[in-house]
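Okay, so here's the structure we're looking at.
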Amino acid sequence: MAYVDSLLSKCTCFSQLKQLQAHLITTGSFQFYTHRAKFLDFCAVSSAGDFHYAVHIFRNISSPYTNEWNGILRGIAQSNNPINALTFYVSMSRSPCKPDALTCSFTLKACARALARHETLQVHAHVIRFGFDADVLLRTTLIDAYSKCGDLGCAYQVFDEMCVRDIASWNALIAGLAQGNRPNDALLLFKKLRGGNMEPNEVTVLGVLSACSQLGANREAGIVHEYIKSKNLDRSVIVCNAVIDMYAKCGLVGRAYDVFNEMKCLRTRVTWNTMIMGFALYGDGAEALELFERMGQAGIEPDSVSYLAAICACNHAGMVEEGMKLFDDMDRCGVSKNVKHYGSMVDLLGRAGRLDEAFKIVQSMPTVPDVVLWQTLLGASKTYSNVEMAEIVSKKLVEMGSNHCGDFVLLSNVYAAQGRWHDVRRVREAMKGQDVKKVPGCSYIEVGGTIYKFMNGDQNHPRWKEIYWKLDEILLRIREYGYVPETNNVFHDIGPEEKENALCYHSEKLAVAFGLISTPDRTCISVNKNLRICGDCHVVIKLISKIYEREIIVRDRTRFHRFKGGACSCKEYW
DNA sequence: GTAGGGTTAG
609 MAYVDSLLSK CTCFSQLKQL QAHLITTGSF QFYTHRAKFL DFCAVSSAGD
659 FHYAVHIFRN ISSPYTNEWN GILRGIAQSN NPINALTFYV SMSRSPCKPD
709 ALTCSFTLKA CARALARHET LQVHAHVIRF GFDADVLLRT TLIDAYSKCG
759 DLGCAYQVFD EMCVRDIASW NALIAGLAQG NRPNDALLLF KKLRGGNMEP
809 NEVTVLGVLS ACSQLGANRE AGIVHEYIKS KNLDRSVIVC NAVIDMYAKC
859 GLVGRAYDVF NEMKCLRTRV TWNTMIMGFA LYGDGAEALE LFERMGQAGI
909 EPDSVSYLAA ICACNHAGMV EEGMKLFDDM DRCGVSKNVK HYGSMVDLLG
959 RAGRLDEAFK IVQSMPTVPD VVLWQTLLGA SKTYSNVEMA EIVSKKLVEM
1009 GSNHCGDFVL LSNVYAAQGR WHDVRRVREA MKGQDVKKVP GCSYIEVGGT
1059 IYKFMNGDQN HPRWKEIYWK LDEILLRIRE YGYVPETNNV FHDIGPEEKE
1109 NALCYHSEKL AVAFGLISTP DRTCISVNKN LRICGDCHVV IKLISKIYER
1159 EIIVRDRTRF HRFKGGACSC KEYW
């Protein structure tokens, strides 16, 4: 039996694997289910194997044993169609051969990858019925599956009901909360973990770092970094990469660069990519491109993510020619392009008003343009009031079934700018007929060690009345500087007055107003938004920075905006 | 005797 293991591990390609199978068959060993199971497992999972071939062999087994089922389930869970594992799982349940804990583990893994919440629930029921629910590993898998399917309530419940937990159980939930848009709860859970006697490891801090990155929690960021150093967890390059990313996303690109320069472990390609992206976040095109050059000199070939980061940096700095050169270099260096590279180029050219060239890029691309790419082009069409382009692009978006509120708003704005009110009304009707999706905007701000979250029109903050009074004062004062609200950014069937209100209570404005009333004069205000900052907020915050003599930093989904003395560091490149 | 938790991206 040992020799089968040894030979399997030496197989580097499919033909060798088939030779081994031929050998096992001719010597009669393939009838021994243990050999067959090992073979199936390896064949389904290894890069030398072939998943379809594994399925083929499996189907020819008249009555497979549990470990043979498990091998094939493990393979399907890792394949491109993990949901197929459910079919196999059901067949297995109906066969004389009963599932064991591993069967459930692989099936749950498949559920997690397929984002299948309902199926996770069903397998969970089986886990209980089969009496496996005391299994720590299986429960951790359950936490992970529920988290990935977006059901953090169930994930929490599985965690709470565990009598024995190990560090992986904690890690699964911390990572789940961090990735499930509940970064504050992830930090709280980490604090709770530190209060006990369990020792956090690399995986734990990766979840925590991710939570800090999302929150832009620069105070917390320093604390977590100190903790990592004290526990020597920064010997792991993966942890260092996440620290660099966190500092960059928390507005501390200088500290990110310090970590990059002072690493004790070897930098990987991801390290370089993260740092280049870090500079791109600030619109620092020169630093990003210099690093991109140095990366090649250091013997690390840029990959498609490196190019994307560099092009993105050009994008945020308005460096059109440099971006186009990088885009062309990719073909020469044999680096493959994906829809994000095309999307970024469309953005770069679109912002520069070169809409025809942007459209040519779309037409020339071998992959199908996605919704985001068309939205980018629609945004550029709006900026340059190009009605024809906006119409073509909107049609594409409708064909693709996009029901995003912003698409309708942009098109209607293009029409409104031309005074084509009939068309505005038509778009509005079309919008009503659909189930239009709107991702809720939210902004975070840290004051006195607490991170506050604001939603649009939010009145949940204990000082909400003061915040709204401050906003009213702001609006009065900035009107003296000629501010007129861009009411057509809002597209609801409401009167002009409410339109203005909806705009002026955007989450980023609420957060800035709260910053103004709760922090000392002349100190810097940092706000973090989950979506892109809106045009009106951008204008308003520029004026606030001037009138109230405050430096205001807003991190939005794509980059940092540093407002000072009435201007923004982005120079209107978003 | 094959299981669980993880870094970069328009």
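Following our numbering, the residues of the first sequence are numbered contiguously, the last one being 1182.
Backbone N, C-alpha and C define an ideal beta-carbon position, used for all residues, glycine too.
Do three or more CB pairs link the stretch 1142-1150 to the stretch 1057-1072 at distances below 8 Å? no
Per DSSP, the bridge partner or partners of K1137: S1051
Roughly how many angstroms separate the alpha carbons of E549 and E930, rounded to a whole number? Given a span of 609 to 1182 for the chain in the structure shown, any question on residue 549 remains unanswerable.
Between A780 and W982, what straight-line distance do the alpha-carbon atoms span, to the nearest angstrom? 36 Å
Which first and last residues belong to the alpha helix (DSSP H) in which V735 is found? R725 to R737
Assuming contact is defined by CB atoms lying nearer than 7 Å, are V928 and A960 in contact in what I supplied? yes
For R563, I'd like the list of residues in its chain whose CB is within less than 6 Å of its CB, leaving aside the five on either flank, ordered along the chain. In this structure the chain extends from 609 to 1182, so residue 563 is not present and cannot be described.
Integer Cβ distance of A917 from L897, believed to fall under 8 Å: Incorrect: roughly 10 Å between the Cβ atoms, too far for contact.
Neighbour-count burial assignment, A742, 16 or more Cβ in a 10 Å radius: exposed
Please state whether the Cβ-Cβ distance between I691 and A722 is less than 7 Å. yes
Short Cβ contact (7 Å threshold) for I836 with V811: no
Nearest-angstrom beta carbon gap, L625 and A656 [assumed within contact, 8 Å]: 6 Å
K945 - DSSP class collapsed to helix/strand/coil: coil
With three or more beta-carbon pairs closer than 8 Å as the criterion, would you say the stretch 1021-1036 touches the stretch 793-813? no
For T1184, which residues does DSSP report across the bridge? Given that the chain is displayed from residue 609 to residue 1182, the structure contains no residue 1184 and the question cannot be resolved.
Can you check which of these residues, E1054, M770 and G1065, is closest to C820 by C-alpha distance? E1054
When we look at the beta-carbon of H732 and count the other beta-carbons within 10 Å, is it buried (16 or more) or exposed? buried
Grouping DSSP H, G and I as helix and E and B as strand, with all else coil, what is A1183? What the structure shows of the chain is the stretch from 609 to 1182, and residue 1183 is not part of that stretch, so it cannot be assessed.
State the DSSP-derived secondary structure class of F1168, mapped to helix, strand or coil. strand
Out of K1172, N1136, R682 and V766, state which residue places its alpha-carbon closest to the alpha-carbon of R1130. K1172
Check M854 in the structure and name its three-state DSSP category. helix
For S1002, which residues of its own chain have a beta-carbon under 6 Å away from its beta-carbon, when the five flanking residues on both sides are left out? L1019
Select from H631, G1049 and C621 the residue whose C-alpha is nearest the C-alpha of Y611. H631
Contact belief for L716 with T749 at Cβ below 8 Å, rounded distance in angstroms: 5 Å
Let me check one thing: in DSSP terms, what residues is R1158 bridge-paired to? Per DSSP, none; premise fails for R1158.
Could you tell me the distance, in whole angstroms, from the CA atom of A829 to the CA atom of V698? 46 Å
Separation of T975 from I846, as counted between CA atoms: 31 Å
With 16 other Cβ atoms within 10 Å as the buried cut-off, status of I736: exposed
Buried or exposed for E1007, going by 16 or more other Cβ atoms inside 10 Å? exposed
Just mark W1077 as buried or exposed, buried being the case when its beta carbon has 16 or more other beta carbons within 10 Å. exposed
Which residues does DSSP pair with M1063 in a beta bridge? C1050
Residue of H1030, T1127, K945 and N668 minimising C-alpha distance to I1075: T1127
Quick check: what's the CA-CA separation for Y1181 versus L956? 9 Å
For a minimum of 4 consecutive residues, which ranges assigned as the alpha helix (DSSP H) are wholly contained in the stretch 925-978? 928-940, 947-959 and 963-972
Can you find the residues in the same chain that come closer than 6 Å, C-beta to C-beta, to F868, ignoring five residues on each side of it along the sequence? I852 and M883
Does R1163 come out as helix, strand or coil in the three-state DSSP assignment? strand
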